[in-house]
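Take the sequence shown: its position 128, counted from the start at 1, is 128 in the UniProt record's numbering, and no numbers get skipped. Using N, Cα and C, we set each Cβ at its ideal position, and we do this for glycine too. For reference, the structure discussed in these notes is given below.
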Amino acid sequence: MSQTRITDSFGSDPILHIPVPEYKVTAMQWGPIDETIVTGHENGRLCQWDIRMSKKLNEVDGHQGSINDMQMSKDSMMFVTASSDHTAKLFDTESLMHLKTYQTERPVNSAAISPILDHVVLGGGQEASVVTTTSTRVGKFDSRFYHLVFEEEFARVKGHFGPINSLAFHPDGRGYATGGEDGYVRIQSFDASYFEFNFDF
1 MSQTRITDSF GSDPILHIPV PEYKVTAMQW GPIDETIVTG HENGRLCQWD
51 IRMSKKLNEV DGHQGSINDM QMSKDSMMFV TASSDHTAKL FDTESLMHLK
101 TYQTERPVNS AAISPILDHV VLGGGQEASV VTTTSTRVGK FDSRFYHLVF
151 EEEFARVKGH FGPINSLAFH PDGRGYATGG EDGYVRIQSF DASYFEFNFD
201 F
């Protein structure tokens, strides 16, 4: 049995233990105003926990593979998940209702929501051991941008020579950073055309 521990940042002892009797927790985030936490599991399930009562409030089947990352929207109303099942998905924070799916042809290790635009960026790629003898193009190590609502990909950014393991938008939405299996952290700033781009309805 695994467990989730919450520790006071000023001390070393856990102040709360939440037993997780089933599948291993692979991602976790705080809910709105820190009253709940949401855990993502190796079997693709999402669970919502009341931290005051230490009990499960909700549970849904989110993915067909392990959930590798979860990140909140700026207003905490939605969150995006990244999964080994080659998708990222958007969920409602309160109900865990599935809202949108962003489909790729590779494992997705990380995903983030723009704080200022209706954009989602995904990062991932084939496992490093699988692509050691292939080109970086085959590994598909680009950052990929999707429209939050329409679920359509509209841009890719190259740079890494291995899978992208984590990414995050800058709080002002004018750039983002990626961390890769190749050992590099890349910080990208958007040019004016990114902000001028409009999706055709």
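Separation of the CB atoms of Leu-167 and Leu-96 is rounded to 23 Å, and the pair is thereby denied contact status at 8 Å. The continuous stretches of alpha helix (DSSP H) do not include Glu-153, which lies in the beta strand (DSSP E) extending over residues 153-157. For Ala-192, DSSP assigns no beta-bridge partner whatsoever.
Here Phe-190 really is in contact with Arg-174; their C-beta atoms are around 6 Å apart, less than 8 Å.
Scanning its chain for C-beta atoms nearer than 8 Å, with the 5 sequence neighbours on each side dropped, one finds around Glu-105 the residues His-86, Lys-140, in chain order. By the CB criterion at 9 Å, Gly-65 and Gly-31 fall outside the cutoff.
In the three-state DSSP reduction, Pro-32 falls in the helix class (H, G or I). Across the set Pro-163, Ala-112, Glu-181, Pro-171, the C-alpha of Ala-112 shows the shortest separation from the C-alpha of His-147.
Taking the Cα of Ser-143 as reference, the smallest distance to any Cα among Phe-91, Ile-51, Val-120 is reached at Val-120. Comparing C-alpha distances from Ser-110 to each of Arg-186, Thr-178, Gln-3, Ile-51 shows the shortest one belongs to Thr-178. Per DSSP, the beta-bridge partners of Gly-40 are Ala-27, Leu-46. Counting only the Cα atoms, Met-70 lies some 29 Å from Asp-200. DSSP, read as helix, strand or coil, puts Phe-197 in coil. In this structure, DSSP gives Leu-167 an extended state, which the three-state scheme calls strand. Under the three-state reduction of DSSP output, Gly-65 falls in the coil class, being neither helix nor strand.
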